[in-house]
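Since the structure comes first, as structure tokens, the remarks are kept for the end.
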Ligand SMILES: [Zn+2]
């Protein structure tokens with residue numbers, strides 16, 4: 036069984052003690068590809084080092100995370116992202132988006148940074164990876180403004196209503212589904228039941244959001260299997276079909 040982890044911060048310091056072994060465990064568990072979203076200037080070096088260590092399995096993306104959009108530094112950060120985007124090929128642009136959970140005061144500059152990254156994704160014909168936390172309305176609005184038929188991507192760690200999910204899909208996006216699907220009070224299973232599997236990809240967001248039965252611990256890419264199993268239950272489809280279709284969806288999004 037082959038699975039793709041479309042969103043994992045495997046360069047995180049939390050993996051310093053066993054990073055190589057952790058990626059090898061994931062590969063042994065059938066996770067053929069792991070896509071690494073960038074955070075900001077601080078995360079680039081570690082991300083590129085991991086990609087260099089596992090060039091057939093780990094794929095770097097370039098962008099600026101909404102929580103790293105700060106008034107005094109975001110223009111410098113965006114200039115660095117733009118420079119890197121021009122210097123080599125990437126699997127995608129991100130992660131970008133809007134986060135109103137941690138800080139509402141930066142909404143204006145988060146929207147500016149997000150819109151600019153949408154423009155780059157279109158120009159480079161790359162998928163864009165969207166983080167939307169307590170901000171689905173605002174994030175959908177930025178995408179709607181930017182969408183001219185060229186924008187595609189993933190609403191990562193999707194959380195929202197069926198109506199929001201349908202809006203995202205109508206805008207040409209797929210839903211990234213991670214460990215929160217396994218949480219007892221999650222409303223995700225009911226929403227995803229109504230969404231065709233063609234619009235869903237799997238992710239871990241490691242080291243964050245570990246699925247049951249690993250809650251409270253560090254998440255890693257090998258644990259994506261628990262999320263695949265939860266999706267199999269939610270959609271009443273065989274696990275093999277979940278793996279086959281979500282993997283095909285990811286490869287279609289990122290390119291083979
Ligand atoms: Zn992330």
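Numbering (this note's numbering), first residue to last: 36 to 291. Every residue gets a Cβ at the ideal spot worked out from N, C-alpha and C, and that includes glycine.
Just to confirm before moving on: does the CB-CB distance between residue i and residue j stay below 7 angstroms?
| i | j | result |
| --- | --- | --- |
| residue 37 | residue 282 | yes |
| residue 164 | residue 109 | no |
| residue 226 | residue 206 | no |
| residue 55 | residue 211 | no |
| residue 89 | residue 58 | yes |
| residue 280 | residue 259 | no |
| residue 237 | residue 215 | no |
| residue 115 | residue 61 | no |
| residue 102 | residue 125 | no |
| residue 43 | residue 256 | yes |
| residue 99 | residue 112 | yes |
| residue 47 | residue 246 | no |
| residue 253 | residue 49 | yes |
| residue 200 | residue 39 | no |
| residue 161 | residue 127 | yes |
In the DSSP assignment, what residue or residues form a beta bridge with residue i?
| i | result |
| --- | --- |
| residue 237 | 212 |
| residue 41 | According to DSSP, which records beta bridges pairwise, residue 41 is partnered with nothing at all. |
| residue 95 | 71 |
| residue 193 | DSSP, once it has assigned bridges, lists no residue as partnering residue 193. |
| residue 134 | 168 |
Any chance the CB of residue i is under 6 angstroms from a heavy atom of ligand 1?
| i | result |
| --- | --- |
| residue 130 | yes |
| residue 242 | no |
| residue 72 | yes |
Output yes if chain C places a C-beta closer than 7 angstroms to the C-beta of residue i; else output no.
| i | result |
| --- | --- |
| residue 274 | You won't find chain C in this structure, because it holds only one protein chain. |
Which whole-angstrom value describes the C-beta separation of residue i and residue j, a residue pair presumed to lie in contact below a C-beta threshold of 8 angstroms?
| i | j | result |
| --- | --- | --- |
| residue 147 | residue 170 | With 8 angstroms as the limit, residue 147 and residue 170 do not qualify as a contact, their Cβ atoms being about 14 angstroms apart. |
| residue 222 | residue 166 | Residue 222 to residue 166, Cβ: 19 angstroms. No contact. |
| residue 265 | residue 228 | In fact, because the Cβ distance is near 12 angstroms, the residues do not count as touching under 8 angstroms. |
| residue 22 | residue 189 | With the chain running from 36 to 291 in the structure shown, residue 22 is simply not present. |
| residue 177 | residue 150 | 6 angstroms |
| residue 142 | residue 168 | Not really, about 12 angstroms apart at Cβ, beyond 8 angstroms. |
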